[in-house]
């Protein structure tokens, strides 16, 4: 299936939230074999999840620290490369996502992307309150994912869940 241009509003796909422009690679306080991308209201953690698979955790905070959405999914190496723009990957079961919402890569329940505009795990309304996280894939993020994928055979999977639990620790009530 060919990529399909989504409907745009204010220079971005209508399903993508403008806070995605604030999502940046965070380089400190995490092990070198993980990626943490965060902005003011969201964060995404990528860590080795198994043989050729990746654990993707995200948090979106709505309005107050105790009103939030946490999510987790797994992606294969090919799916992760597709999500972050290293290749255009559309699973056959997800062609309907591209047909309905537009995009250049998608996997139902994992991600949808149009060029540098990425949503995990799904398209949203583009407004506050959505359960998905939007990311503008910049050069630093794309390079970090490429480097992580190229080093995947040397990475340990043991600390992935511990790292995720530490970084995405519950917000105190």
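In our numbering, the protein residues as written are 135 to 307.
We treat Cβ as the ideally placed atom computed from N, Cα and C, and that holds for glycine.
* Taking 6 Å as the cut-off, is the CB of residue 266 close to at least one heavy atom of the ligand MN? -> The ligand MN is not part of this structure, which contains no ligands at all.
Cβ shell of residue 186 (< 8 Å), same chain only, five flanking positions each side left out: Same-chain partners within the cutoff: 210, 211, 286.
Inset, instruction - Measure the alpha-carbon distance for residue 153 versus residue 196 and round it to whole angstroms. - result: Taking the straight line joining both Cα atoms gives about 12 Å.
**Item:** Segments of 4+ residues assigned as alpha helix (DSSP H) that fall wholly inside the stretch 206 to 246
**Value:** Complete alpha helix (DSSP H) runs here, min 4: 211 to 217, 229 to 235.
Below 8 Å, how does it come out for the stretch 155 to 162 and the stretch 191 to 205: are there three or more Cβ pairs, yes or no? No contact exists between the stretch 155 to 162 and the stretch 191 to 205.
Would you report the Cα separation of residue 262 and residue 254, rounded to the nearest angstrom?
-> Cα-Cα distance, rounded: 15 Å.
Let me make sure I understand the geometry here. Which of 176, 242, 194, 235 has the alpha-carbon closest to that of residue 208? The residue with the shortest Cα to Cα distance from residue 208 is 242.
**Request:** Determine contact between the stretch 226 to 239 and the stretch 138 to 149, defined as no fewer than three beta-carbon pairs at a distance below 8 Å.
**Result:** The stretch 226 to 239 vs the stretch 138 to 149: in contact.
Of the residues 176, 244, 169, the one placed nearest residue 213, counting alpha carbons only: It is 244 whose Cα lies nearest to the Cα of residue 213.
Assigned secondary structure, residue 142 (DSSP; H/G/I helix, E/B strand, else coil)
In the three-state scheme derived from DSSP, where H, G and I count as helix and E and B as strand, residue 142 is classed as strand.
Requested in this report: Can you say whether residue 230 is buried or exposed, counting buried as having 16 or more other CB atoms within 10 angstroms of its CB?
Outcome: It counts as exposed.
Return the CA-CA distance between residue 174 and residue 269, expressed in angstroms with no decimal places.
For residue 174 and residue 269, the gap between their C-alpha atoms comes out near 12 Å.
message: If the criterion is Cβ atoms closer than 7 Å, does the pair residue 250 and residue 232 meet it?
response: Contact annotation: residue 250 and residue 232 have beta-carbon atoms that are not nearer than 7 Å.
Reduced DSSP category for residue 268 - H, G, I as helix; E, B as strand; rest coil: Strand at residue 268.
Next item on the list: Compute the Euclidean distance between the alpha carbons of residue 164 and residue 277, then round it to the nearest angstrom.
Entry: The C-alpha of residue 164 lies about 17 Å from the C-alpha of residue 277.
Can the beta-carbon of residue 189 be found less than 7 Å from the beta-carbon of residue 181?
Their beta carbons are under 7 Å apart, which means residue 189 touches residue 181 by this criterion.
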